[in-house]
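Peer 1:
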Amino acid sequence: LDMAGFEIMKMNSFEQFCVNYTNEKLQQFFNDFMFIREQKEYMREGIEWQEVDYGTDMQNTIELIEKPLGLLSLLQEECVVPNGSDQSLLEKLLTTHSSNPVFARSKQSARNTTIAHFSVVHYAGKVQYNIDGWVEKNKDAVERSGLDVLSESKKPILQALFPKPKNGAVRPRKPSLCASTVSHMYKEQLLNLLETLNTTRAQFIRCISPNDHRQPGFIDSHLVLHQLRLANL
190 LDMAGFEIMK MNSFEQFCVN YTNEKLQQFF NDFMFIREQK EYMREGIEWQ
240 EVDYGTDMQN TIELIEKPLG LLSLLQEECV VPNGSDQSLL EKLLTTHSSN
290 PVFARSKQSA RNTTIAHFSV VHYAGKVQYN IDGWVEKNKD AVERSGLDVL
340 SESKKPILQA LFPKPKNGAV RPRKPSLCAS TVSHMYKEQL LNLLETLNTT
390 RAQFIRCISP NDHRQPGFID SHLVLHQLRL ANL
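All the letters of the sequence shown, read from the start, carry residue numbers 190 to 422 under the working numbering.
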């Protein structure tokens, strides 16, 4: 499994959120595998040990993302209701999670020209997210005219992937509650991946870049420390 690391950009959008959500789950798996299971083994063997809580710090953030009326749930809802929009999603998030300690409305700084709408406290730090385009990106919809063109193809593989509507039926215009969105499929695939990882004897390799200039023999200590903190090491 080769995974991109935690991302904090000048502008953080839906893509960075998905990457950071994945890292949040994988870091929880790492903590459980490397520390919590070891602690349980120490206790089973009667080794004198002061128990340390490694895993629950990030649980609040994971629940913010995954639970009913969480971030993914509200995003999914906004994609299937009539006239769903990014602004409506933001208002629901701010109303639902106003008292959540790992979620907050972003305050715009006069020195920062990048617009951020809300922040999430991840294990590697607070990330400011811009919500513009989230609903459209999550729908990842193909234009109806594009589907019609593909269904007229003479190539068998495209005919199988994009069959013509039967008996003159019209392609549905409105999404249904069971419509597959990017976030829904992403979450399902991530949970399936974690189920697989939990059946394995995992080994972990953390890749740290020594500098941003591809210069041999030079270590940028600030960059290395920043990466170590993002990896929660």
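Just so you know, even glycine gets a beta-carbon here, dropped at the ideal spot from N, CA and C.
#1: Would you identify the three-state DSSP class for G335, choosing helix, strand or coil?
#2: How many angstroms separate the CA atom of Q392 from the CA atom of N212?
#3: Where does Q317 fall in DSSP's three states?
#4: Spatial neighbours of L382 within its chain, please: CB distance less than 8 Å, with the 5 preceding and 5 following residues excluded, ordered by chain position.
#5: Specify the secondary structure class of R294 as computed by DSSP and reduced to three states.
#6: Helix or strand or just coil, what does DSSP make of Q416?
#7: Expressed to the nearest angstrom, what Euclidean distance is found between the alpha-carbon atoms of H423 and Q216?
#8: With DSSP run on the structure shown, which of helix, strand or coil describes M198?
#9: Below 9 Å between beta carbons: does that hold for G314 and I236?
#10: Considering just the uninterrupted stretch of the beta strand (DSSP E) at V270, what are its terminal residues?
#11: Could you spell out where the alpha helix (DSSP H) holding F224 opens and where it closes?
#12: Does DSSP classify V241 as helix, strand or coil?
#13: Return the first residue and the last residue of the alpha helix (DSSP H) that H373 is part of.
#14: Should the stretch 223-233 be regarded as contacting the stretch 331-351, the criterion being three or more beta carbon pairs within less than 8 Å?
#15: For S182, which of helix, strand or coil comes out of DSSP?
#16: Would you kindly report the start and end of the unbroken alpha helix (DSSP H) that includes T250?
#17: Across which residues does DSSP place S410 in a beta bridge pair?
#18: Which residues in the same chain as D329 place their Cβ atom closer than 6 Å to its Cβ, once the five residues preceding and following it in sequence are excluded?
#19: Give the DSSP-derived three-state secondary structure of L366 in the structure shown.
#20: Under 9 Å, do K281 and E266 count as touching if we go by C-beta distance?
#21: State yes or no: is the C-beta of L386 nearer than 8 Å to some heavy atom of the ligand ATP?
#22: Report the partner residues of F307 according to the DSSP bridge assignment.
#23: Less than 8 Å between the CB atoms is what I'm expecting for L412 and F218, so what's the real figure, rounded?
#24: Would W238 be called buried (16 or more neighbouring beta carbons within 10 Å of its own) or exposed?
#25: Are the beta-carbon atoms belonging to V291 and N249 less than 9 Å from one another?
Peer 2: In short, the structure shows the following:
#1: helix
#2: 16 Å
#3: strand
#4: L190
#5: strand
#6: helix
#7: Past the boundaries of the shown model lies residue 423; the chain is included only from 190 to 422, so the question cannot be answered.
#8: coil
#9: no
#10: Neither: V270 is in no beta strand (DSSP E) and is coded neither H nor E.
#11: Taken as a continuous stretch (DSSP letters only), F224 belongs to no alpha helix (DSSP H), as it is neither H nor E.
#12: coil
#13: V371 to L386
#14: no
#15: Since the displayed the chain opens at 190 and closes at 422, residue 182 lies outside it and no answer follows.
#16: Q248 to E255
#17: DSSP output for S410 lists no bridge partner at all.
#18: V371
#19: With a pLDDT of 46 at L366, under the threshold of 50, the modelled position of that residue is not reliable, and no figure is offered here.
#20: yes
#21: Ligands in the displayed structure: none, and consequently the ligand ATP is not present.
#22: R294 and Y318
#23: With a Cβ gap of about 26 Å, L412 and F218 do not count as contacting.
#24: exposed
#25: yes
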